Amino acid sequence: MAKKVTKQGLPPLDWLKVFEAAGRHGSFTAAAEEFGATQAAVSQRIRNLESWLGRQLFIRSARGVSLTVDGESYLPLVHDSLRALEQGTENLFGQTVRELRIAGLPSHLEMLLLPRLAAFSKTFPDLRLVTETVPRRLDFEAADGALQIRYGRGGWEGRQEELLASEVLQPMTAPGQAGHWRQLPAIELRGERPGWAEWSRVTGEAAPEAGSLSVDSMAHALRAARLGLGVVLGSRVLAANLLQTGQLDCARAPELPTIDGYWLTWPPSLGKSKRQSEILTALTFVLQG
């Protein structure tokens with residue numbers, strides 16, 4: 333175990349950066365190549381860090397290096413902290429944005445974001461777009477993406493927002509089935525959106541007979557309708573590309589507007605530079621369709 337050197341505060345930043353690179357690569361040599369340094373210099377900085385912490389972070393052997401238990405515990409903390417520092421510095425002072433990270437639920441990234449990115453990418457061809465899938469709405473707080481596509485009524489604490497589109501629901505079927513949609517089984521979609529009962533109550537129309545299929549994702553519900561498994565009370569926002577390309581048809585039936593919508597959100601620190609502001613404005617315009 334490394335002998336602890338009594339210090340206060342944080343270890344030097346270059347020690348932490350070298351440790352993060354070596355832990356990420358699992359190699360002192362690869363870390364040295366990343367920083368344009370020698371393997372000996374990387375090894376010395378990591379020894380300095382181990383001495384500072386009083387803990388061994390790597391196991392050295394003839395076959396290479398591997399993280400100790402302490403090293404494995406420390407690596408994600410250092411990685412996330414360095415990433416947050418880099419992103420925050422760029423947000424506050426940077427003039428050149430080279431990478432845009434966007435987090436969202438799988439169906440929102442696939443059906444709302446991706447079909448609209450072509451025009452945006454033409455405007456910013458040098459910008460690398462990185463998507464991050466958020467499995468559940470409760471996971472947004474832990475998402476890395478500074479930009480997030482969220483569903484709801486707005487008003488998220490600590491985030492600025494722009495409404496992209498209000499949610500509107502309408503009966504939809506596979507191509508060629510819209511004319512007899514009432515004879516099709518209703519696909520049930522579980523979740524926070526209004527269902528067939530609410531659609532019937534608001535529109536005064538009779539709902540189709542319930543079918544045997546129940547899903548918990550609008551993307552799955554739309555996919556089921558495309559496969560001819562029934563009629564779905566589909567989102568006009570998420571299904572826009574499918575409707576435009578003829579993969580789904582809207583039934584001649586009333587729409588059901590809702591009080592929810594799709595929002596682009598970001599932290600207040602983002603958008604302070606001219607470049608960042610231009611990117612946010614362009615992306616919002618594209619996503620608003």
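Take the working numbering: the final residue in the sequence shown is number 621, and no numbers are missing along the way. Think of the CB as a built atom: it goes at the ideal place given N, C-alpha and C, for glycine as much as any other residue. None of these values were measured; they are calculated from a predicted model.
Rank the options by C-alpha distance to the C-alpha of residue i and give the top, closest one.
i	options	result
A372	L381, F360 and E366	F360
D548	N380, R514, P438 and G396	P438
T616	S601, W595 and R433	W595
I378	W347, L407 and T400	W347
P600	T370, A394 and L479	L479
E524	T590, Q576, V534 and A539	T590
S413	E365, L342, I611 and Q579	L342
S398	H357, W384, S453 and K604	H357
T465	Q576, I434 and S405	I434
R301	G436, K454 and G511	Absent from the structure is residue 301, since the part of the chain shown begins at 333 and ends at 621.
P344	W384, E366 and A362	W384
G621	Q608, M443 and Q502	M443
T400	A394, R415 and E382	E382
W531	S405, Q579 and P503	P503
Is the beta carbon of residue i sitting closer than 8 Å to the one on residue j?
i	j	result
L588	P526	yes
G566	A557	yes
V462	W513	no
G396	G355	no
I624	L561	A question about residue 624 goes unanswered here, because the residues of the chain that appear run from 333 up to 621.
A506	L559	yes
I493	T597	A small fix is needed here, since residue 493 is Glu in this sequence, not Ile. Going by C-beta atoms, E493 is nearer than 8 Å to T597.
L407	E352	yes
I611	L432	yes
S546	R568	no
V410	V374	no
Measure the alpha-carbon distance for residue i versus residue j and round it to whole angstroms.
i	j	result
E419	G593	In the sequence on display, residue 419 carries Gln and not Glu. Roughly 28 Å separates the two Cα atoms.
A553	R430	36 Å
A542	A551	19 Å
L619	G368	41 Å
M333	F390	Residue placement at M333 cannot be trusted, given a pLDDT of 47 that sits under 50; the coordinates are not used to answer.
A364	N380	16 Å
A538	T577	29 Å
R491	Q509	43 Å
W528	F452	36 Å
K604	L501	36 Å
G536	P457	49 Å
T421	G386	30 Å
A362	K454	35 Å
L602	E366	28 Å
K606	S544	53 Å
V534	P540	15 Å
Q388	S405	12 Å
Q608	R415	18 Å
S393	Q579	58 Å
Is the beta carbon of residue i within less than 7 Å of some heavy atom of the ligand SAM?
i	result
W347	Absence of the ligand SAM from the depicted structure is noted, as is the absence of any ligand whatsoever, leaving it without description.
Are the C-beta of residue i and some C-beta of chain B separated by less than 8 Å?
i	result
I434	Protein chains in the displayed structure number just one, and chain B is not present.
Inset, instruction - Quick one: which unbroken beta strand (DSSP E) runs of 3-plus residues sit fully inside the segment 558 to 620? Chain order, please. - result: The qualifying runs are 564 to 567 and 588 to 598.
Inset, instruction - Determine contact between the segment 483 to 490 and the segment 577 to 584, defined as no fewer than three beta-carbon pairs at a distance below 8 Å. - result: The answer is no - the segment 577 to 584 does not touch the segment 483 to 490, with fewer than three Cβ pairs under 8 Å.
Legend entry - Any 3 or more C-beta pairs closer than 8 Å across the segment 497 to 511 and the segment 455 to 471: Output reads no: the segment 455 to 471 does not touch the segment 497 to 511.
Inset, instruction - Kindly confirm or deny that the segment 441 to 455 and the segment 560 to 576 touch, where touching means at least three C-beta pairs closer than 8 Å. - result: Contact between the segment 441 to 455 and the segment 560 to 576 is present, because at least three Cβ pairs lie under 8 Å.
Inset, instruction - Could you tell me which uninterrupted alpha helix (DSSP H) segments, each at least 4 residues in length, are contained entirely in the segment 341 to 400, listed from first to last along the chain? - result: Taken in chain order, the complete alpha helix (DSSP H) segments of 4 or more residues contained in the segment 341 to 400 are 345 to 357, 360 to 367 and 371 to 385.
Legend entry - Every unbroken alpha helix (DSSP H) within the segment 508 to 553, with a cutoff of 4 residues, ordered by chain: Considered as a whole, the segment 508 to 553 harbours 528 to 535 as its complete alpha helix (DSSP H) runs of no fewer than 4 residues, in chain order.
Legend entry - Continuous beta strand (DSSP E) assignments of at least 3 residues falling wholly in the segment 404 to 473: As far as the segment 404 to 473 is concerned, its whole beta strand (DSSP E) runs of at least 3 residues are 431 to 436 and 460 to 465.
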